[in-house]
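Each protein sequence line maps, in turn, to chains C and D.
When we follow the numbering used here, the leftmost residue of the first sequence carries the number 163, and every step to the right adds one.
When we follow the numbering used here, the leftmost residue of the second sequence carries the number 163, and every step to the right adds one.
The beta-carbon is built from N, C-alpha and C at its ideal position, and this holds for glycine as well.
2 protein chains.
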Amino acid sequence: MNIQEYMQELGKQARTAAKVLARTQSSVKNKALEAIAQQLEQQHDQLLSANAKDLEAGQNLAAALRDRLALNDSRISSMIEGLRQMIALPDPVGEITDLKYQPSGIQVGKMRVPLGVVGIIYESRPNVTADAAGLCLKSGNATILRGGSEAIHSNQAIAQCIQTGLAEVGLPKSLIQVVETTDRAAVGELIRLSKYVDVIIPRGGKGLIDRNTQEANVPVIKHLDGICHTYIDDKADYDKAIAIAYNAKTQRYGTCNTMETLLIEETIAKKILPKLVEKYQEAGVEIRGCQLTYNLLPNIQLATDEDWDTEYLAAILSIKMVKNLDEAMEHIRLHSSQHTDAIITEDWSRARRFLNEVDSSSVMVNTSTRFADGFEYGLGAEIGISTDKFHARGPVGLEGLTSQKYIVLGDGQIRQ
Amino acid sequence: MNIQEYMQELGKQARTAAKVLARTQSSVKNKALEAIAQQLEQQHDQLLSANAKDLEAGQNLAAALRDRLALNDSRISSMIEGLRQMIALPDPVGEITDLKYQPSGIQVGKMRVPLGVVGIIYESRPNVTADAAGLCLKSGNATILRGGSEAIHSNQAIAQCIQTGLAEVGLPKSLIQVVETTDRAAVGELIRLSKYVDVIIPRGGKGLIDRNTQEANVPVIKHLDGICHTYIDDKADYDKAIAIAYNAKTQRYGTCNTMETLLIEETIAKKILPKLVEKYQEAGVEIRGCQLTYNLLPNIQLATDEDWDTEYLAAILSIKMVKNLDEAMEHIRLHSSQHTDAIITEDWSRARRFLNEVDSSSVMVNTSTRFADGFEYGLGAEIGISTDKFHARGPVGLEGLTSQKYIVLGDGQIRQ
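This is how it looks when you write it as structure tokens:
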């Protein structure tokens with residue numbers, strides 16, 4: 163069978179399985195999650211030995227990539243724990259909201275329903291296989307998973323646990339399918355399988371996501387990068403500003419919600435920056451400042467134009483002084499990736515303007531951009547973060563994997 | 163300037179104008195709607211004479227197309243009335259919902275925001291120019307309108323009124339732009355202008371929508387066709403069943419929410435169909451039945467396989483007898499366009515199953531499919547009906563032209 167036929171076949175089976183899942187009760191979905199968790203426990207050693215094969219084949223991979231690829235006791239436990247947490251989350255499917263009588267006498271409301279079939283394309287982390295499969299199952303969607311070729315043995319071992327778990331509770335195995343070929347053409351087919359796939363969620367580097375988005379005819383939930391800003395206004399509280407700006411950069415460097423550029427009003431900069439930059443430098447953060455910042459603190463580097471558009475994902479921070487809120491928001495408009503941007507201020511009207519006017523998926527006042535996360539937002543889980551406006555925006559949890567249909571209840575009403 | 167540059171330029175201007183509109187107060191948007199309405203009143207004669215040019219140029223058009231193209235006093239009044247109704251609707255932009263404290267102490271909620279720039283592609287009806295422009299303006303979106311080439315003079319005359327109205331209240335004219343060329347290449351450019359356009363809404367025939375969807379790299383809100391079903395269950399109330407099934411077909415023939423296929427349980431068919439079909443035939447509806455229906459009522463036509471997949475948009479109805487609810491839902495799964503499907507039954511469990519399991523944008527119990535409409539649903543207005551699951555589903559009103567961003571309010575919280 164060629165790749166095209168193979169992917170069509172996966173799609174067809176997923177579509178059929180999705181129909182079964184749409185009418186499956188919450189309790190059965192939860193039993194399946196538990197059965198998969200138990201399989202992962204029982205197959206612990208097999209998972210490690212499958213992963214060892216991948217690691218051996220990937221000896222030439224970069225260290226960071228090898229780290230993401232590696233499974234160990236704690237990563238397997240956290241996959242299992244993640245599935246059990248999903249059991250505790252409320253089932254989004256079937257929720258009815260806004261049910262109201264209309265003048266004609268009909269009652270109109272919305273019922274939450276699964277999207278149908280979700281395609282997940284990801285890179286080296288094998289734990290995504292279990293996480294994504296679990297979230298899709300809980301939200302009533304069939305899933306086609308396409309992991310990185312470097313993780314193929316690990317992913318197939320996890321897939322085996324998933325399939326066995328599904329079968330144990332009498333659900334079709336084709337609900338959650340892992341693409342078994344490492345041929346890259348499979349990705350090209352998957353993103354154009356609009357007949358069978360309702361949405362694609364790519365998880366990985368910008369290159370992967372950009373490529374998938376350009377070529378897809380299936381809708382894509384994506385975030386390309388996280389160039390997040392914090393603006394310290396001259397009405398900011400001194401201590402809060404330092405604590406938040408420090409946290410937003412240093413709490414973790416490699417995450418998409420980490421601040422990459424600090425904007426600061428000129429007059430308060432002289433008071434705050436010397437102490438703040440000292441703290442950053444103690445933590446090993448390299449500072450690249452605009453000319454004014456450089457004039458104030460000559461022991462930093464001078465930023466280039468490119469810095470304002472760079473997601474460092476590293477212990478590097480660019481700092482720019484601005485005249486006022488308008489200049490800060492203009493910088494954000496030009497350089498933000500519309501992921502997460504924050505203002506630090508005690509000024510009511512400026513906080514309101516920032517909240518209203520900044521066009522990012524998360525807009526914050528007096529807190530750290532590091533909070534932009536499905537768990538911190540109370541979603542219970544997160545399958546990705548969308549910087550698009552269409553469909554879901556910001557952290558995407560179970561609700562983002564669903565849609566709403568209208569339901570209309572009558573008692574014989576006809577239209578006049 | 164070539165078409166590509168021209169469309170890029172429109173897109174760029176729309177994007178800039180959208181930024182202005184996003185921070186424009188409700189009262190100003192409402193004043194703009196009123197100013198446009200007054201312009202349409204004042205330019206009444208100019209609108210008619212521009213329309214006369216289109217009608218003269220379109221003498222060879224089919225009668226139905228000429229009818230859609232024609233403006234008259236009542237159609238101009240209804241454009242004006244439509245704009246004034248929008249003034250009365252609540253502004254969706256800025257609405258904050260679900261604002262809740264999280265364990266960390268941050269407050270997380272969602273704020274409704276405009277999508278940005280909306281591209282509308284439509285066919286001959288010039289009134290869409292005013293309706294769509296008004297809805298997009300009210301929901302805070304800039305709009306690029308591309309009407310049918312046969313309506314170019316009418317659309318430009320309406321555009322003139324819109325631009326004057328915008329200017330009167332100090333809003334940029336580029337908020338609502340009408341494409342001034344009739345070159346079809348402009349459509350091809352518009353649907354691939356993802357840099358500047360956030361969503362495309364095609365309004366028109368299936369061919370137009372299909373083409374746009376295949377080629378677009380901008381998300382599309384679309385509905386392709388309306389093959390709507392009504393299933394009369396054997397537990398249906400006799401009088402309600404007849405009244406609803408009659409209304410769903412005959413209240414209007416040319417609309418997408420008109421029933422095209424009647425499904426009926428075999429045992430109740432013998433009781434209901436003779437009277438119901440007689441009523442249809444008195445109204446001039448041609449009946450095409452399955453073999454069993456034909457056996458019961460030989461004065462009808464025998465349906466072909468093709469009938470089950472046809473949107474007649476005419477005084478034709480196909481009727482099929484089924485054994486039970488499962489067979490009815492299976493027929494709907496195979497043949498429905500997922501627009502609107504209804505069940506007539508007094509049986510609680512079957513009604514619940516139908517509501518849960520039928521995967522259409524509107525699912526109804528004991529009422530007429532003709533109610534699937536933004537006004538009847540209380541949305542106040544409608545820019546289209548989406549049969550997709552992604553983003554909006556069912557009738558799309560002001561809310562469907564918006565998205566939600568997360569807002570996070572803190573008081574110095576940092577992430578641990």
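Original post:
Helix, strand or coil: which one does DSSP assign to V426 of chain D?
Top reply: It is Ile, not Val, that sits at residue 426 of chain D in the sequence shown. In this structure, I426 of chain D counts as strand in the three-state DSSP scheme.
**OP:** Give the secondary structure of Q264 of chain C by DSSP, where H, G and I count as helix, E and B as strand, and everything else as coil.
**Re:** coil
Original post:
Quick one, which of D:Q175, D:N379, D:Q578 and D:R287 has its alpha-carbon nearest I314 of chain D's?
Top reply: D:R287
**OP:** Using beta-carbon positions only, say whether Q413 of chain C and G327 of chain C come within less than 8 Å of one another.
**Re:** no
Original post:
Helix, strand or coil: how does DSSP classify A304 of chain C here?
Top reply: strand
Original post:
Hey, out of C:D488, C:S266 and C:E468, whose CA is closest to I426 of chain C's CA?
Top reply: C:D488
**OP:** Kindly list, in the order they appear in chain C, the residues whose Cβ is closer than 7 Å to that of D573 of chain D.
**Re:** N528
**OP:** With 8 Å as the threshold, decide whether the Cβ of L183 of chain D is near any Cβ in chain C.
**Re:** no
Original post:
Any idea what DSSP makes of P460 of chain C, helix, strand or coil?
Top reply: coil
Original post:
Beta-carbon separation of V275 of chain D and T531 of chain D under 8 Å?
Top reply: no
Original post:
For I576 of chain D, which of helix, strand or coil comes out of DSSP?
Top reply: coil
Original post:
With contact counted as at least three CB pairs below 8 Å, one residue from each stretch, are the stretch 428–437 of chain D and the stretch 395–408 of chain D in contact?
Top reply: yes
Original post:
Residues in the stretch 547–564 of chain C with C-beta within 7 Å of chain D's C-beta atoms, listed in sequence order?
Top reply: K551, F552, H553, R555 and G556
Original post:
How long is the line joining the alpha carbons of S499 of chain C and Y393 of chain C, rounded to whole angstroms?
Top reply: 15 Å
Original post:
Under 9 Å Cβ-Cβ, which residues of chain C neighbour I569 of chain D?
Top reply: L517, S524, V525, M526 and V527
Subject >> Neighbour flag for M273 of chain D against chain C, beta carbons, 8 Å >> reply: yes
Subject >> Opening and closing residue of the alpha helix (DSSP H) in which E243 of chain C lies >> reply: D235 to A250
Subject >> Span of the beta strand (DSSP E) around E448 of chain D >> reply: E448 to G451
**OP:** Measure the beta-carbon distance from N317 of chain D to V340 of chain D and round it to whole angstroms, keeping in mind my assumption that it falls under 8 Å.
**Re:** 5 Å
Original post:
Looking at C-alpha atoms only, which residue of C:A232, C:G244 and C:R373 is the closest neighbour of L210 of chain C?
Top reply: C:A232
Original post:
Cα separation between R365 of chain C and I353 of chain C?
Top reply: 13 Å
Original post:
In terms of alpha-carbon separation, which member of D:I389, D:D396, D:H385 and D:V361 lies closest to N379 of chain D?
Top reply: D:V361
**OP:** Answer with yes or no whether the minimum CB distance from A477 of chain C to chain D is below 8 Å.
**Re:** no
Subject >> Residues sharing a beta bridge with M163 of chain C, DSSP >> reply: M163 of chain C pairs with nothing; no bridge assigned.
Original post:
Anyone know if the C-beta pair for A295 of chain D and L307 of chain D falls short of 8 Å?
Top reply: yes
Original post:
Cα separation between A321 of chain C and E448 of chain D?
Top reply: 54 Å
**OP:** Would you kindly check if the distance between the Cβ of Q575 of chain D and the Cβ of I268 of chain D is under 8 Å?
**Re:** yes
Subject >> Rounded straight-line distance, which links the Cα of H391 of chain C to that of Y442 of chain C >> reply: 16 Å
**OP:** Give the residues of chain C in contact with V361 of chain D, contact being defined as C-beta atoms less than 8 Å apart.
**Re:** F552
Original post:
Is the distance from the Cβ of E422 of chain D to the Cβ of Y474 of chain D below 8 Å?
Top reply: yes
**OP:** Could you name the residues of chain C that G540 of chain D contacts, counting a contact when the two beta carbons are closer than 7 Å?
**Re:** K262, Q264 and V270
Original post:
According to the neighbour-count rule (16 or more other Cβ atoms, all chains shown, within 10 Å of its Cβ), is E167 of chain D buried or exposed?
Top reply: exposed
Subject >> Contact belief for C323 of chain D with I198 of chain D at Cβ below 8 Å, rounded distance in angstroms >> reply: 6 Å
Original post:
Looking at the unbroken beta strand (DSSP E) that takes in S548 of chain C, where does it start and where does it end?
Top reply: G546 to S548
Original post:
If you measure beta-carbon to beta-carbon, which residues of the stretch 486–501 of chain C are closer than 8 Å to chain D?
Top reply: R495
**OP:** Check the DSSP bridge columns for Y568 of chain D and list the partner residues they point to.
**Re:** C:S524 and D:K272
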